[in-house]
Amino acid sequence: MESPATTHDRRDTRTAPRSALPVFVTCWLALLADGYDLYVYGATLPGFIGPQNWGVTREQAGLVGSLALVGMLIGSLAAGVLTDRFGRRRMFAVSVATFSTFMVACALAPNFAVFGVFRFLACLGVGGLLPTAVAVANEFAGAARKSIVLGAVLTGPAVGTVIASTAAATLIPAHGVRPVYAIGGLALLLIPVALRVLPESPAFLRVRGRDDEADAIAGRYGLPVPERARCVGSATPTAAGGLFQGGLAPATLGIWAICLLSLLTIFGLTTWLPQVMREAGFGTSAAIRFLLWYSLGAIVGTLIASRVGQRTSPKVVVVIGFASAALALAFVSTQPTGVALIAAVVVAGFGGLGTQNMINDHIAQFYPAHLRATGLGWALAVGRIGAIAGPTYGAMMIGATGGVQAAAIAFGVPAAIGAVIALALPSIARRHGANEPGETMLEPTKAES
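First residue of the sequence shown? That's 1101 in this note's numbering, and the numbers climb one at a time after it.
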């Protein structure tokens, strides 16, 4: 007689499995909108700062940038827990509805103070979407192509940043910032599509004891259907405390540290890159386009890195990414010009946004299924502390010494520290020697109950 803890790769063979491509495309489109809404603030700063615009000071801009990311912290924390309680499909739709609605409100704000409030509320939804979308994409991707699928899906935020920087560079000189934010409301059209296309997570359903529904969805998409697993005692399988049980504590702390350093670098740099370049003598449109180059580096780098990560491990690419960002920013600090400067910004984009995408991939594959969204949500929530600090930290560092050199050094140092910490992380293969990534929660031991 087989143990209930044994997992079989059973599939429903009565009909051909349904393609999960619509699921991945929906996640990608939502993350594109998420990236647009998130990184549009840095792209539009040249349209806020100065008496000829909204009259915003550098300090005010940094404060609103940081406070908005407090909304992301709250959104990530809430989503990491609520997604695993109420279902990934519902939280996906709620997150998109939240940030899209308040993007329209930002476009209509009468002054910068009201804009800051709406920006904070929009970022609640922005912070809630990523852990949900990554958890969904990870679950429906086959093990043989998991890193590749996640890498492709995670190009969404960078593509959104490209669109945001292009829209800002095109519209701000003649029309100001309002239409750039109004475009973010178009994501409302995605909500009915998501509710129709996205199935509920089988892992979520099994933890809730809805095994028949979970098996039906798994069979429909050709996913492994595990043997019935029993949850006993009063353990809460999705509680954050599970991230520190079973030897996970050191890895969890390390993951939180690299997320904090990564997001500090990303949000500080993307917030101030266009404005720093404008103050360095570039025109408004040309300065904003540096954010486009940064984003293109993230897109191409993520696609390449996801293939390397599939053949090796996401951890390897995370280390390379952090190191690449540190070296690229060190080169920028020497104040190169022309193509050399653009190339350095492209590499920094891979090492910034591209690295964070592979960190997300590493987290999604590192934790078992019942902790996946919680693990990613809490890691991003802790990382948001770095994101919150990033714009204000950048304002202080750039304001103290000024210029491109100060910005490059300020954000190159955290990237270098991130590379060192990432080296110490355990590999996915070592972690999954005991727990395969698609497993459901088995009967806990007394120590886990």
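Idealized CB from N, CA, C, for every residue including glycine.
Judging by CA-CA distance, which residue of the options is the nearest neighbour of residue i?
i, options, result
"tryptophan 1356", "Gly1347, Val1253, Ala1479", "Ala1479"
"glycine 1397", "Ala1464, Pro1257, Ser1166", "Pro1257"
"leucine 1361", "Lys1415, Arg1188, Ile1488, Val1277", "Ile1488"
"alanine 1274", "Pro1414, Asn1153, Ile1517", "Asn1153"
"isoleucine 1248", "Leu1208, Phe1124, Glu1313", "Phe1124"
"isoleucine 1149", "Phe1240, Ala1143, Ala1161", "Ala1161"
"threonine 1365", "Leu1250, Ile1485, Ala1179, Val1217", "Ile1485"
"glycine 1097", "Ser1265, Ala1241, Gly1285, Leu1427", "The structure shown does not extend to residue 1097, since the chain is modelled only from 1101 to 1549, so the question has no answer here."
"leucine 1441", "His1462, Trp1393, Ala1143", "Trp1393"
"serine 1433", "Ala1510, Gln1345, Val1204, Gly1319", "Ala1510"
"serine 1406", "Ala1235, Thr1455, Pro1526", "Thr1455"
"valine 1259", "Phe1186, Ala1130, Ala1197", "Ala1130"
"serine 1195", "Ala1294, Gly1421, Leu1471, Val1307", "Ala1294"
"arginine 1185", "Ile1272, Leu1403, Ala1473", "Ala1473"
"threonine 1062", "Ala1287, Leu1403, Ile1272, Ile1404", "Nothing can be reported for residue 1062, as the shown portion of the chain is limited to 1101 through 1549."
"proline 1526", "Leu1353, Val1400, Leu1288", "Leu1353"
"leucine 1363", "Phe1422, Val1400, Ile1404", "Phe1422"
"arginine 1296", "Cys1206, Gly1285, Arg1190", "Arg1190"
"alanine 1209", "Pro1122, Ile1521, Phe1390, Gly1276", "Gly1276"
"alanine 1207", "Ala1264, Ala1235, Thr1183, Tyr1281", "Tyr1281"
"threonine 1201", "Val1418, Asp1315, Leu1286", "Leu1286"
"leucine 1425", "Ala1444, Pro1414, Ser1413", "Residue 1425 is actually alanine in this sequence, not leucine. If we check each option's Cα against that of alanine 1425, Ala1444 comes out closest."
Using the three-state DSSP reduction, which class does residue i fall into: helix, strand or coil?
i, result
"valine 1217", "helix"
"valine 1277", "coil"
"proline 1117", "coil"
"threonine 1336", "Its pLDDT being 43, under 50, threonine 1336 is placed unreliably in this model, and the coordinates cannot settle the point."
Using the Cβ count rule (16 or more neighbours within 10 Å means buried), how would you classify residue i?
i, result
"glycine 1503", "exposed"
"leucine 1429", "buried"
"alanine 1213", "exposed"
"valine 1376", "buried"
"glycine 1309", "exposed"
"glycine 1155", "exposed"
"glycine 1341", "exposed"
"asparagine 1460", "buried"
"alanine 1268", "buried"
"alanine 1244", "exposed"
"alanine 1386", "exposed"
"alanine 1524", "exposed"
"aspartate 1312", "exposed"
"threonine 1113", "Low confidence applies to threonine 1113: its pLDDT is 45, below 50, so where it sits in the model is not reliable, and the reading given next is rough at best. Exposed, since its Cβ has fewer than 16 Cβ neighbours within 10 Å."
"valine 1446", "buried"
"proline 1491", "buried"
"leucine 1221", "buried"
"arginine 1411", "exposed"
"phenylalanine 1215", "buried"
"valine 1439", "exposed"
"leucine 1177", "buried"
"proline 1151", "exposed"
Pull up the distance between the alpha-carbon of residue i and that of residue j, whole angstroms please.
i, j, result
"valine 1416", "glycine 1409", "7 Å"
"leucine 1254", "alanine 1237", "10 Å"
"leucine 1348", "alanine 1193", "31 Å"
"glycine 1512", "serine 1166", "20 Å"
"leucine 1453", "serine 1395", "7 Å"
"valine 1181", "phenylalanine 1382", "44 Å"
"proline 1117", "proline 1302", "15 Å"
"glutamine 1505", "alanine 1481", "30 Å"
"arginine 1278", "proline 1324", "48 Å"
"leucine 1298", "alanine 1120", "9 Å"
"alanine 1133", "phenylalanine 1199", "9 Å"
"proline 1436", "tryptophan 1128", "35 Å"
"alanine 1179", "asparagine 1211", "30 Å"
"isoleucine 1174", "alanine 1464", "20 Å"
"methionine 1496", "glycine 1319", "54 Å"
"leucine 1138", "methionine 1203", "10 Å"
"leucine 1224", "arginine 1158", "24 Å"
"valine 1217", "glycine 1171", "10 Å"
"glycine 1518", "alanine 1351", "14 Å"
"glutamine 1345", "leucine 1471", "11 Å"
"glutamate 1539", "lysine 1246", "Confidence at glutamate 1539 is low in this model, with a pLDDT of 39, below 50, so its placement is unreliable and the value that follows should be read with caution. Near 15 Å, if we compare the C-alpha coordinates of lysine 1246 and glutamate 1539."
"tyrosine 1136", "leucine 1288", "13 Å"
"threonine 1371", "leucine 1305", "39 Å"
"valine 1307", "tyrosine 1467", "15 Å"
"glycine 1227", "glutamate 1379", "30 Å"
"glycine 1147", "alanine 1469", "44 Å"
"alanine 1143", "threonine 1270", "11 Å"
"phenylalanine 1450", "isoleucine 1404", "10 Å"
Contained alpha helix (DSSP H) runs [length at least 4] in the segment 1171-1256, N- to C-terminal order:
1188-1208, 1212-1240, 1246-1253
Please specify which runs of the alpha helix (DSSP H), each continuous and at least 4 residues long, are wholly inside the segment 1443-1522, giving them in chain order.
1455-1466, 1472-1501
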